[in-house]
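Scroll down for the structure; my scribbles are underneath it.
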Amino acid sequence: MTSRRQFLLSGVALALGGLGLPVLAGDRFGPVIARLRRFVDDGELPFAAIRIARHGRVLAEAQIPGVGSIGADSLYRIYSMTKPVVAAGVMLLVEDGRLALEDPVARYVPEFADLGVVAGSLERLEPARPMTVAHLLTHSCGLANSWGDGRVAPLYRDAGLVAGAWMYDPQVGGLEGFARRLAALPLEFQPGTDWIYGYGLDIAGLVIERISGQRLGEFLERRIFEPLGMGSTGFFVPEGQAGRLAGLYAARDGGIEPAADGSERAPLKRPFADGGSAGLVSTLEDYGHFADMLANGGARGDARVMDAASARRLVTPYGPQEALMPSLLRFGRYAPGSIAHALGGVVRLDDRSGPGSAGEYAWGGAAGTGFWATPGLGLSVTVMTQLMPVTAAPARDALRPLVYEALASG
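The sequence shown begins at -7 in the numbering used here and counts up by one.
This is the structure:
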């Protein structure tokens, strides 16, 4: 059921929703909502939701059901949209003076003191250069993952470090055991010399735990979720709330089918480790609050999470970019010169997405969720769905120019 708050903060109620559910938006955002609805009506997405806000004020919000049902309180597996949240957590420790981005990871994770690096082949290793905390947040640390095409990916699988599964395996031993197993395996490349999508943010989560003395989820709840009113965000679905978890779907043979490989049920269990790369579940509104904070210099309304300088540092290009670009551009199919790597996400360098889009900080999740925050405009946009893989129907990229066009028309 749509809340009174949504009616008060939205411009005009447009009768575009299915099954009697209203879509709330000002007139200028009608084309944005209509385009997202077409993704659902054409069978490209199982359902979709969007929230558009400026300076924390909601301008448009829609819940569009399809083959699956959703509501305003639906919980979504946000997968890699966990990464910007953990990066923000690291920045809070930097702000506290308890950590520096150029600190060696081994200072906090001694298991990483004597890492090796693949040197031509898996049979030949060389000593690793120091890995910094910043390397963890920019995917330049040399840690890969189990599903990519990295040379070390098969070693990860053999070691039981399977993405999305290792945190539920009691044999791994939580984040501590995860770090020990990773430390026994070689890095894909020397830290700072290339880019690969990997487990860096999981180790960043361990850094947070060891400095704060708290489990990652507890730290994030105290420093980010509670101040921002993100009461439904966490690393598992609480008991009795399973009915809120949106269905997970897979794109197969030109259609959409419910996922049935066990991954759809994973968030219903409390993990042995809080996975900083992809572990969170959240709602459209909750994550929208986080995006609002990034778009508005570290605060949302009266709730200040971080200093403006810390927020700006988080969402702007960090460190040398040249070595990262070839692999990053291939991974994200970005146009040359269009983006740079920030901490936990990417930032756009020009206005090719629309007027004012330069400076936009963005990231997405494996099931098609996505967000961006544009500090220059105070703009935040959050999109939710649950379809694997993320490339099956790239709704966020299709909606982006329409959002900027709508803003310019106002």
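Every residue gets a Cβ at the ideal spot worked out from N, C-alpha and C, and that includes glycine.
In this text the structure is predicted, and so the values were computed from the model without any measurement.
- [ ] Let me know if D245 comes out buried or exposed under the rule of 16 or more other beta-carbons within 10 Å of its beta-carbon.
- [x] Exposed: under 16 other Cβ atoms inside 10 Å.
Task: Buried versus exposed call for Y214 [16 or more other C-beta atoms within 10 Å across all chains shown] - done: The amino acid at residue 214 is misidentified as Tyr; the sequence shows Arg. R214 is exposed by the Cβ-count criterion.
Open item on the list: Rounded to the nearest angstrom, what separates A238 and E36 at their Cα positions?
Closed with: In a straight line, the C-alpha of A238 is about 17 Å away from that of E36.
TODO: Return the chain-ordered list of same chain residues with a C-beta closer than 6 Å to the C-beta of L399, the five sequence neighbours on each side being excluded.
DONE: Within the same chain, no Cβ atom closer than 6 Å to the Cβ of L399 is found once the five residues on either side in sequence are excluded.
TODO: Determine the contact status of A359 and T374, defining contact as a CB-CB distance below 8 Å.
DONE: The criterion of a C-beta distance shorter than 8 Å is not satisfied by A359 and T374.
TODO: Output the residue ranges of the beta strand (DSSP E) runs that lie fully inside the region 310 to 380 and measure 3 residues or longer, sorted by chain position.
DONE: Residue ranges of uninterrupted beta strand (DSSP E) with 3 or more members, entirely inside the region 310 to 380 and ordered along the chain, are 331 to 333, 338 to 340, 353 to 356, 362 to 366 and 371 to 376.
Open item on the list: Restricting to Cα atoms, I'd like to know which of M123, L117, R116 and V50 is closest to P96.
Closed with: Among M123, L117, R116 and V50, the Cα nearest to that of P96 belongs to M123.
Open item on the list: Just verifying my parser: in three-state terms, what is the DSSP assignment at R90?
Closed with: In this structure, R90 counts as coil in the three-state DSSP scheme.
TODO: Please check the pair A41 and V125, which I expect to be a contact at CB under 8 Å, by giving their CB distance rounded to whole angstroms.
DONE: The Cβ separation is near 34 Å, so there is no contact.
- [ ] May I ask which residues mark the beginning and end of the beta strand (DSSP E) holding A151?
- [x] Annotation: A151 is outside any beta strand (DSSP E) and is labelled neither H nor E by DSSP.
- [ ] Please confirm whether S132 and D65 have their CB atoms less than 8 Å apart.
- [x] In terms of Cβ geometry, S132 and D65 do not form a close pair [threshold 8 Å].
TODO: Please classify E218: is it buried, with 16 or more other beta-carbons within 10 angstroms of its beta-carbon, or exposed?
DONE: An exposed status is given to E218, since fewer than 16 other beta-carbon atoms sit within 10 Å of its beta-carbon.
Task: Stretch-stretch touch, CB-based, cutoff 8 Å, three pairs: the region 249 to 265 with the region 151 to 165 - done: With a cut-off of 8 Å, the region 151 to 165 and the region 249 to 265 count as touching, because enough Cβ pairs lie within range.
Open item on the list: Could you tell me the alpha carbon to alpha carbon distance between N137 and G112, rounded to whole angstroms?
Closed with: Each residue's alpha carbon lies about 19 Å from the other.
Task: Close-in-space but distant-in-sequence residues of the same chain around S372 (CB under 6 Å, 5 per side omitted) - done: Annotation for S372: A45, A283, D284, A287 and A365 place their beta carbon closer than 6 Å to its own, counting only its chain and skipping 5 residues before and after.
- [ ] With DSSP as the reference, label V110 as helix, strand or coil.
- [x] Taken through DSSP and simplified to helix, strand or coil, V110 comes out as strand.
Task: Those residues which DSSP pairs with G404 across a bridge - done: Here the chain has residues from -7 to 402 only, and residue 404 is not among them.
Open item on the list: Taking 8 Å as the threshold (C-beta atoms), are P183 and R121 in contact?
Closed with: Yes, the Cβ-Cβ distance between R121 and P183 is below 8 Å.
- [ ] Can you check DSSP and say which residues form a bridge with R296?
- [x] Answer by DSSP bridge pairing, in chain order: A291.
Task: Y68 (DSSP reduced to helix, strand or coil) - done: Here Y68 sits in strand by DSSP.
Task: Close-in-space but distant-in-sequence residues of the same chain around A151 (CB under 7 Å, 5 per side omitted) - done: The residues R173 and L177, in chain order, have a CB closer than 7 Å to that of A151 in the same chain once the five nearest residues on each side in sequence are set aside.
Open item on the list: Quick check on the DSSP output: what are the complete beta strand (DSSP E) runs of length 3 or more inside the region 235 to 290, in order along the chain?
Closed with: For the region 235 to 290, whole beta strand (DSSP E) runs of length 3 or above, ordered along the chain, are 241 to 244 and 247 to 250.
Task: Distance between R325 and L335 (C-alpha atoms, nearest Å) - done: Their backbone Cα atoms lie some 19 Å apart in a straight line.
Open item on the list: Can you give me the C-alpha to C-alpha distance between G368 and R340, rounded to a whole angstrom?
Closed with: Taking the straight line from one Cα to the other gives about 12 Å.
Open item on the list: Let me make sure I understand the geometry here. Which of E397, R207 and R388 has the alpha-carbon closest to that of R43?
Closed with: Closest by alpha carbon: R388.
- [ ] Under 7 Å Cβ to Cβ from P393, same chain only, skipping five residues before and after it: list those, please.
- [x] The residues S345 and G346, in chain order, have a CB closer than 7 Å to that of P393 in the same chain once the five nearest residues on each side in sequence are set aside.
Task: Boundaries of the alpha helix (DSSP H) in which A176 is found, first to last residue - done: Looking at the DSSP string, A176 is not in any alpha helix (DSSP H), and its letter there is neither H nor E.
TODO: Pair every Cβ in the region 251 to 258 with every Cβ in the region 22 to 38, then say whether three or more of these pairs are closer than 8 Å.
DONE: Note that the region 251 to 258 does not touch the region 22 to 38; fewer than 3 beta-carbon pairs, one per stretch, sit closer than 8 Å.
Task: Buried or exposed by the 16-neighbour rule on C-beta atoms within 10 Å, applied to L114 - done: Flag for L114 reads exposed.
Task: Endpoints, the alpha helix (DSSP H) within which E53 is located - done: Counting along the chain, E53 falls outside any alpha helix (DSSP H), though it belongs to the beta strand (DSSP E) covering R49 to I56.
Open item on the list: Among E277, A52, P38 and L316, whose alpha-carbon lies nearest the alpha-carbon of D19?
Closed with: Ranking the options by Cα distance to D19, first place goes to A52.
Task: Residue span of the alpha helix (DSSP H) that contains Y121, given as start and end - done: According to the sequence shown, residue 121 is Arg rather than Tyr. Going by DSSP, R121 is part of no alpha helix (DSSP H) at all; its letter is neither H nor E.
Task: Cβ-based neighbour list, G60, same chain, cut-off 6 Å, excluding 5 preceding and 5 following - done: P38, F39 and G239, listed in sequence order.
Task: Buried or exposed by the 16-neighbour rule on C-beta atoms within 10 Å, applied to A105 - done: Residue burial annotation: A105 is exposed, with fewer than 16 other C-beta atoms found within 10 angstroms of its C-beta.
- [ ] Find out if the Cβ-Cβ distance for the pair Y353, R202 is shorter than 8 Å.
- [x] Against a cut-off of 8 Å, the Cβ pair of R202 and Y353 comes out as no contact.
Open item on the list: Does K261 pass the burial test, meaning 16 or more other C-beta atoms within 10 Å, or should it be called exposed?
Closed with: Within 10 angstroms of the beta-carbon of K261 lie fewer than 16 other beta-carbons, which makes it exposed.
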